[in-house]
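Residue numbers (my numbering): 47 to 228.
Where is the CB? At the ideal position from N, CA and C, for every residue including glycine.
Predicted, not measured: the structure shown is a model, and the values here were computed from it.
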Amino acid sequence: MKINKTKLHVTIYVVAIIFLGFSFSRIFLKPAEKNNLSSAPLFASVINDPYGKPQNLKQFQHKIIVLNFWATWCEPCREEMPELSNIYVENQPKNVVVVGIAIDEEKAVRSYLKSTKVTYPILVDEDKGVVLGKNLGNNEGILPYTVIIDSQGIIQKTIPGRIHQGQLNAILKPLLQPSKSL
């Protein structure tokens with residue numbers, strides 16, 4: 047089989063242009079253009095706790111929210127849970143809440159929580175959790191996936207993949223500062 051070098055070069059050129067255009071748009075768009083996500087789906091949701099009791103997520107409105115999507119079978123999810131617990135304990139008096147939404151089965155989450163200390167609220171719903179995650183920017187279905195929402199309900203940051211305590215502290219620091227009025 048003989049390869050036509052001209053066609054090969056044109057194909058490579060076209061693929062490179064598409065890749066560069068995609069990369070440029072992800073890197074150089076202004077934050078407002080990149081993040082047109084709304085927290086409204088979060089505050090309109092009711093998701094069960096691990097024992098089947100419905101929890102209205104509107105209860106977290108007007109707080110700084112660290113919303114973490116996870117699953118018991120996800121190793122990076124389990125690795126970051128002690129750090130998320132620390133963040134919650136250290137910042138709870140500062141109007142910060144960490145909420146974990148398990149994309150998993152209630153029974154698996156209950157079993158996991160018996161052997162693992164978690165200080166923050168955990169909610170469970172495989173189906174609603176996936177839909178909510180997509181509504182909050184997780185189009186690829188990545189776990190863990192974390193969304194930072196300020197006390198006005200504005201999504202400040204989304205983080206696909208494992209998050210570390212230092213990284214999270216740096217993101218939260220400006221949100222914890224008192225607003226400066228002119």
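Would you report the Cα separation of residue i and residue j, rounded to the nearest angstrom?
i, j, result
"Ile110", "Ile147", "16 Å"
"Gln107", "Leu182", "15 Å"
"Val142", "Gln105", "13 Å"
"Glu125", "Asp95", "21 Å"
"Thr162", "Lys219", "28 Å"
"Leu222", "Ile133", "13 Å"
"Lys76", "Gln101", "With a pLDDT of 35 at Lys76, under the threshold of 50, the predicted position of this residue should be treated as unreliable, and no value is reported."
"Ile93", "Leu189", "18 Å"
"Glu229", "Gln213", "This structure cannot speak to residue 229, because the chain is shown only from 47 to 228."
"Gly175", "Glu151", "11 Å"
"Tyr191", "Pro87", "16 Å"
"Ala154", "Leu178", "20 Å"
"Ile168", "Pro224", "29 Å"
"Gln211", "Lys203", "15 Å"
"Lys140", "Glu186", "32 Å"
"Ser91", "Pro128", "26 Å"
"Leu103", "Asp173", "16 Å"
Return the chain-ordered list of same chain residues with a C-beta closer than 8 Å to the C-beta of residue i, the five sequence neighbours on each side being excluded.
i, result
"Ile201", "Asn81, Leu83, Ser84, Ser85, Leu182, Gly183, Val193, Ile194, Ile195"
"Arg156", "Pro96, Tyr97"
Can you name the residues that DSSP bridges to residue i?
i, result
"Gln101", "Ile93"
"Pro181", "Note on identity: in this sequence residue 181 is Asn, with Pro being the wrong assignment. Its beta-bridge partners do not exist; DSSP assigns none."
"Val144", "Val112"
"Tyr191", "Phe115, Pro206"
"Val170", "Ala148"
"Ile201", "Ile195"
At the 8 Å Cβ level, is residue i part of the contact set with chain D, yes or no?
i, result
"Leu214", "Among the chains of the structure shown, chain D does not appear; only one protein chain is present."
Considering only residues of the same chain and omitting the five flanking positions on each side of residue i, which have a CB-CB separation below 7 Å?
i, result
"Val144", "Val112, Asn114, Leu130, Ile133, Tyr134, Tyr166"
"Cys123", "Trp116, Ala117, Leu189, Pro190"
Sorted by chain position, which residues of the same chain lie with C-beta nearer than 6 Å to residue i's C-beta, five sequence neighbours on each side aside?
i, result
"Ile205", "Thr192"
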